[in-house]
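Just so we're aligned, residue 65 is where the sequence shown starts under the numbering used here, counting upward by one. Cβ coordinates follow ideal geometry from the N, Cα and C atoms, glycine included. Below is one structure; the comments refer to it alone.
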Amino acid sequence: MSWFASNPTSARLLRPSHAWGLLTAFAGGLGLASALASCAPVAQGGCDLDEQCGRGQMCDQDTNECVDKDIDTTSTESPAPATFSSKQVPFHRGKVCTVTEVKAGGDIPVTINPCYHPCLDKGAFKHKHYYECLGSRCNAWAVMFVEAKNTPTTCPTDAFGQFDMAECSWGPAVELKIGTTIDSGPVTGTMHLEIPFLTNADTAEIATHFDDTDFIQSKIDQYPPQDNRWVGGMDIAMNASAAEPPASCNESTDGMGTCKCFDVGF
65 MSWFASNPTS
75 ARLLRPSHAW
85 GLLTAFAGGL
95 GLASALASCA
105 PVAQGGCDLD
115 EQCGRGQMCD
125 QDTNECVDKD
135 IDTTSTESPA
145 PATFSSKQVP
155 FHRGKVCTVT
165 EVKAGGDIPV
175 TINPCYHPCL
185 DKGAFKHKHY
195 YECLGSRCNA
205 WAVMFVEAKN
215 TPTTCPTDAF
225 GQFDMAECSW
235 GPAVELKIGT
245 TIDSGPVTGT
255 MHLEIPFLTN
265 ADTAEIATHF
275 DDTDFIQSKI
285 DQYPPQDNRW
295 VGGMDIAMNA
305 SAAEPPASCN
315 ESTDGMGTCK
325 CFDVGF
C-alpha cells in the first residue's frame with residue numbers, strides 16, 4: 065500500500081527542495097528537503113485494476129495478476145530527432161556522489177553530474193528532491209533536467225540513449241542536501257536514494273507541474289525501480305555515532321572519508 069507522511073511521529077512532510085539556473089551562473093533557491101516515497105500497492109489474491117499493482121506493473125485482465133510493464137528504459141526518446149529547437153531532457157546516465165554514512169540529523173550531501181550527448185546545446189536546468197521516512201527506513205529520489213536544443217551538428221538517433229560513455233558531455237552538476245530529521249527528531253536507520261528513470265515527454269510535463277510533487281511521483285511510478293539507478297547499490301547509513309557530514313561531496317572529494325562517487329544509469 066502507498067504510505068505518505070501523515071503521522072508526525074514517523075515522518076514529516078515539508079516543502080520540496082528545488083533549484084533552477086543556467087550553465088553559466090547557478091541561480092535559485094533551495095527549500096527544505098521533503099519527505100516522500102511510496103511503498104507500492106500489492107494485489108492480494110489477484111487484481112482488477114492497474115492501481116492495485118505495484119510500481120511499474122499492470123493488471124493482466126486475462127489472468128487477473130499483476131505483471132511488469134514491458135517498458136524500454138534504455139532511452140529517454142528513441143529515435144532522437146536530428147534537429148530540434150527545445151526539449152526538456154532528464155538525467156538518464158551520469159555520476160552521483162554522496163556519503164555512505166551520515167550522522168543522524170545531519171544533511172546528506174549529494175552531487176548529480178549528468179552525461180549528455182555532445183550534440184545537445186544545454187541551457188537552463190532544474191532539479192528537485194524529496195524524501196520520506198517510516199520508522200527507521202527512509203526513501204529519497206532526486207530528479208534533474210535541462211532545456212536543450214541541437215548544436216549545429218545534428219543529433220544521432222541514440223542521442224538520448226546508450227551512446228558510448230567516452231562521448232559524454234558532462235554537466236551541469238548540481239548539489240543538494242537531503243535531510244535526515246522527522247518531527248520526532250533525527251532518524252537512526254537507512255536512506256535509500258534513487259535517480260529515477262523519466263522520458264523527455266515526462267519531463268516536459270513535469271516542467272509545467274514543477275511544484276506538484278505528487279504529479280512528479282506519479283511519473284516516477286510509471287516505471288519499475290532499477291538497480292542501476294539505486295545510488296551506490298546500497299543504502300546510506302544514518303547513525304548517532306557517525307561523523308558530521310561534509311559540506312559537499314563531489315568528484316573532487318571522491319574517496320575522502322565517506323564520500324563516494326558512483327555511475328548511475330550505465
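Neighbourhood of residue i by C-beta distance below 6 angstroms, restricted to the same chain and skipping five residues each side
| i | result |
| --- | --- |
| N314 | C161, T175 |
| C325 | K159, C161, E315, D318 |
| L257 | A204, V295 |
C-beta contact flag for residue i and residue j at 9 angstroms
| i | j | result |
| --- | --- | --- |
| K192 | M208 | yes |
| P288 | Q116 | no |
| E231 | H156 | no |
| N177 | A268 | no |
| T254 | R201 | yes |
| F227 | N264 | no |
| A304 | T252 | yes |
| C123 | D132 | no |
| C179 | S233 | yes |
Residue i beta carbon near the ligand GTP (any heavy atom closer than 8 angstroms)
| i | result |
| --- | --- |
| K159 | Only the bare structure without any ligand can be found here, which leaves the ligand GTP out of the picture. |
Which residues DSSP lists as bridging residue i, in chain order
| i | result |
| --- | --- |
| Y180 | S233 |
| K133 | Bridge partners of K133: none, in fact. |
| P250 | T245 |
| C161 | T175, C325 |
| M255 | C202, I300 |
| C186 | The displayed chain sequence assigns Lys, not Cys, to residue 186. A212, per the DSSP bridge assignment. |
Expected contact under 8 angstroms - CB spacing of residue i and residue j to nearest Å
| i | j | result |
| --- | --- | --- |
| T244 | V166 | 6 angstroms |
| A206 | L240 | 6 angstroms |
Spatial neighbours of residue i in its chain, beta-carbon cut-off 8 angstroms, leaving aside the 5 residues before and after
| i | result |
| --- | --- |
| C219 | A144, P145, A146, T147, F148, H181, C183, L184 |
| E308 | K167, G170 |
Chain-order list of residues whose beta-carbon lies under 7 angstroms from that of residue i (same chain, five-residue window excluded)
| i | result |
| --- | --- |
| T322 | V163, T164, E165 |
| Q125 | none |
(request) Report yes or no: do three or more beta-carbon pairs, one from the region 268-280 and one from the region 122-140, lie closer than 8 angstroms? (result) At 8 angstroms Cβ cutoff, the stretches do not touch.
(request) Would you check if there are 3 or more beta carbon pairs closer than 8 angstroms linking the region 165-175 to the region 146-155? (result) Output reads no: the region 146-155 does not touch the region 165-175.
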